[in-house]
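Undergrad: To start, I am sharing the structure in question, which I have written as structure tokens.
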Amino acid sequence: MDLQKHAPQQDAPTPVTELRASDADRDRIADMLREAHAEGRLSADEHAERVEGVLAAKTVGELDGFVRDLPAAHERRAFPSAPPRRPAPGAIPAEPDDSVVAVFSAAVRKGRWRAGRRIHAYSVFGSVEIDLSEAVFEHQQVVVKAVSVFGSVDIRVPENVTLRGAGGAVLGSFEVDTADSAETEAPVVHVDGWAVLGSVDARPKRGSLVVDILDRVQRKVDRHVRRHLGH
Numbered sequence: 042m043d044l045q046k047h048a049p050q051q052d053a054p055t056p057v058t059e060l061r062a063s064d065a066d067r068d069r070i071a072d073m074l075r076e077a078h079a080e081g082r083l084s085a086d087e088h089a090e091r092v093e094g095v096l097a098a099k100t101v102g103e104l105d106g107f108v109r110d111l112p113a114a115h116e117r118r119a120f121p122s123a124p125p126r127r128p129a130p131g132a133i134p135a136e137p138d139d140s141v142v143a144v145f146s147a148a149v150r151k152g153r154w155r156a157g158r159r160i161h162a163y164s165v166f167g168s169v170e171i172d173l174s175e176a177v178f179e180h181q182q183v184v185v186k187a188v189s190v191f192g193s194v195d196i197r198v199p200e201n202v203t204l205r206g207a208g209g210a211v212l213g214s215f216e217v218d219t220a221d222s223a224e225t226e227a228p229v230v231h232v233d234g235w236a237v238l239g240s241v242d243a244r245p246k247r248g249s250l251v252v253d254i255l256d257r258v259q260r261k262v263d264r265h266v267r268r269h270l271g272h
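Everything in the sequence shown is counted per the numbering used here, starting at 42 for the first residue and increasing by one.
The following block contains the structure:
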């Protein structure tokens, strides 16, 4: 019997260059192009042409082609940096940028809003929902302090961010569906706190991605095109 003929065939893993590009990937490449333009490595026309290509690119390999001849691309690949497990001391302010409180009531923060570096959520005999799936991340490190007493705090984040948690529960539940983003420059959301006879639940929202990155790149292209049309 020919064992090789009947042996099950395993599909080869998809090469990295053929993986679908994310918005964070496009933003990373756009930043390299912006730096190269500022350094004089690319002319204004070359920069505009490449940024337009970045917006249309579908795979990681296509994106790499726009920066293959730039030193920054090779430097960043040679020294990849993982997000720190905890924010550095003093990196996050002690006072919250936003506070969401529910006492015998319900409070919701969702939609298009700017996520600060520190967010506090308190639920006492109530429910709090913090939805970051459409939020604008202006900082890579975001801390959410959640305290639930006879209540619930639910936190949702885009699925392409890093999510980590450190907390506890007394006759309740504190659950953080931790995840590490494959994108080294993706936002990192740390959930801390306690649940006393209540619950704290944090997890990625499937199908939701950080999209403000692509919006910023498109606005840069639009401004550049308008400047050229003005001449």
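C-beta atoms are modelled at their ideal positions from N, C-alpha and C, and glycine is treated no differently.
Since the structure is predicted, the reported quantities are computational estimates derived from the model, not experimental observations.
With 16 as the cutoff for other CB atoms within 10 Å, does E224 come out buried or exposed?
TA: Residue environment analysis places E224 among the buried positions, since at least 16 neighbouring C-beta atoms fall within 10 angstroms of its C-beta.
Undergrad: Sorted by chain position, which residues of the same chain lie with C-beta nearer than 6 Å to F191's C-beta, five sequence neighbours on each side aside?
TA: F166, L238, G239
Undergrad: With distances taken from CA atoms, which of D242, G206, G213, R69 is nearest T219?
TA: Selection D242, G206, G213, R69 evaluated against T219 yields G206 as nearest (Cα-Cα).
Undergrad: Give the secondary structure of P134 by DSSP, where H, G and I count as helix, E and B as strand, and everything else as coil.
TA: coil
Undergrad: Would you mind sorting L212 into buried or exposed? The rule is 16 or more other CB atoms within 10 Å of its CB.
TA: exposed
Undergrad: Taking only runs of the beta strand (DSSP E) that begin and end inside the segment 176–238, which ones reach a length of at least 3 residues, in chain order?
TA: 182–190, 193–199, 203–211, 214–217, 229–237
Undergrad: According to DSSP, is E59 helix, strand or coil?
TA: helix
Undergrad: What would DSSP say about E90, mapped onto helix, strand or coil?
TA: helix
Undergrad: Distance check for I196 and V217, CA to CA, integer angstroms please.
TA: 9 Å
Undergrad: Determine the DSSP secondary structure at E170, reduced to helix, strand or coil.
TA: strand
Undergrad: For A140 and V183, what's the separation of their Cα atoms in angstroms?
TA: Per the sequence shown, the amino acid found at residue 140 is Ser instead of Ala. Answer to the nearest angstrom: the Cα atoms are 14 Å apart.
Undergrad: The alpha helix (DSSP H) with R75 in it runs from where to where?
TA: 64–79
Undergrad: By the 10 Å Cβ neighbour count, where 16 or more other Cβ atoms means buried, how is R153 classified, buried or exposed?
TA: exposed
Undergrad: Can the beta-carbon of D102 be found closer than 7 Å to that of T58?
TA: Reading off the sequence, residue 102 comes out as Gly, not Asp. Yes, they are a contact pair.
Undergrad: Output needed for L60: all residues of its chain with C-beta closer than 7 Å, excluding positions within five of it in sequence on either side, in chain order.
TA: T100, V101
Undergrad: Flag this pair as yes or no: are the beta carbons of A113 and M73 separated by less than 7 Å?
TA: yes
Undergrad: For V108, name the three-state secondary structure that DSSP assigns.
TA: Looking at V108 - three-state DSSP - the assignment turns out to be coil, as it is neither helix nor strand.
Undergrad: Would A77 and L111 qualify as a contact pair, given that the criterion is a beta-carbon distance under 7 Å?
TA: yes
Undergrad: Within 10 angstroms of the Cβ of A97, are there 16 or more other Cβ atoms? Answer buried if so, exposed if not.
TA: exposed
Undergrad: If contacts are defined as beta-carbon pairs under 8 Å, then G208 and V230 qualify, I think. What distance do you get, rounded to the angstrom?
TA: Their Cβ separation, rounded to whole angstroms, is 13 Å, which puts G208 and V230 out of contact at 8 Å.
Undergrad: Can you pull the DSSP bridge partners for K246?
TA: P199
Undergrad: Measuring only the C-alpha atoms, how far is K151 from E90?
TA: 36 Å
Undergrad: What separation, rounded to the nearest whole angstrom, lies between the Cα atoms of S84 and S164?
TA: 54 Å
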